[in-house]
Amino acid sequence: MIPFNLIVALDSHKGIGKNGQLPWHLPADLKHFKDLTCQVQDPAKKNFVIMGRKTWGSIPEKFRPLPKRINCVLTRNKSLLFPAGVVRAENFAEALKLTQDSKLKNHIESIFVIGGAEVFKMAIQSPDCQKLYLTHLLPAFDCDVFFPPFLQDFQLTVKSPPHTENKVSYYFAEYVRRSA
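Heads up: the sequence shown at position 106 corresponds to 166 in the working numbering, and the numbers run straight through without jumps.
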């Protein structure tokens with residue numbers, strides 16, 4: 061068992077993106093994402109973030125790789141070049157297996173799946189997906205990719221007070237996997 065977490069912002073219809081981008085701009089949510097995915101108890105370790113190739117491509121180049129985290133990009137395209145320190149995996153199972161590799165294992169504190177839609181769909185089906193960190197946006201946006209259903213398998217444990225930024229209301233929530 062390799063436990064991992066998932067983090068995403070989604071609108072009221074579970075929309076998570078449009079044309080490879082976020083259809084909203086919420087600096088406080090981006091800070092929340094950074095804080096959660098960078099936070100470690102052991103300063104000698106980093107968190108491991110797993111993302112699909114499209115998610116990697118959607119991150120502005122000046123922010124790639126995501127600092128203070130071990131970045132893992134899922135792609136079958138072996139000719140795609142990544143900066144030093146970025147780990148490549150052909151699929152989600154291989155990415156999880158890499159976290160147990162002797163070169164990485166002792167340097168990883170937590171694992172976060174950060175997108176996109178296809179990666180979320182695979183990850184959420186795994187019993188090893190223990191926790192969801194969701195930013196619930198209360199309006200609906202024009203989205204073309206969506207987060208999979210999850211309430212059947214996860215239970216809300218933490219809900220922040222509502223926030224409003226750039227005329228968008230949202231709240232942070234944490235869900236844990238229900239016991240089998």
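Glycine included, each C-beta is placed from N, C-alpha and C at the ideal position.
Under the three-state DSSP convention, the category residue i falls into
| i | result |
| --- | --- |
| residue 163 | coil |
| residue 225 | strand |
| residue 114 | helix |
| residue 150 | coil |
| residue 185 | helix |
Where residue i falls, given that 16 or more other Cβ within 10 Å makes a residue buried
| i | result |
| --- | --- |
| residue 112 | buried |
| residue 145 | exposed |
| residue 218 | exposed |
| residue 221 | exposed |
| residue 80 | exposed |
| residue 104 | exposed |
Pick from the options that is closest to residue i, judged by C-alpha positions
| i | options | result |
| --- | --- | --- |
| residue 143 | 152, 154, 130 | 130 |
| residue 190 | 172, 223, 108, 162 | 172 |
| residue 62 | 204, 70, 195, 183 | 183 |
| residue 100 | 141, 168, 75 | 168 |
| residue 213 | 157, 197, 187 | 187 |
| residue 64 | 211, 225, 153, 226 | 153 |
Per DSSP, cross-strand counterpart(s) of residue i
| i | result |
| --- | --- |
| residue 172 | 65, 109 |
| residue 241 | Nothing can be reported for residue 241: it is not among the residues displayed for the chain, which extend from 61 to 240. |
| residue 195 | 69, 232 |
Beta-carbon separation (whole angstroms), residue i vs residue j, contact threshold 8 Å
| i | j | result |
| --- | --- | --- |
| residue 70 | residue 232 | Rounded, the Cβ-Cβ distance is 12 Å, inconsistent with contact. |
| residue 75 | residue 200 | 7 Å |
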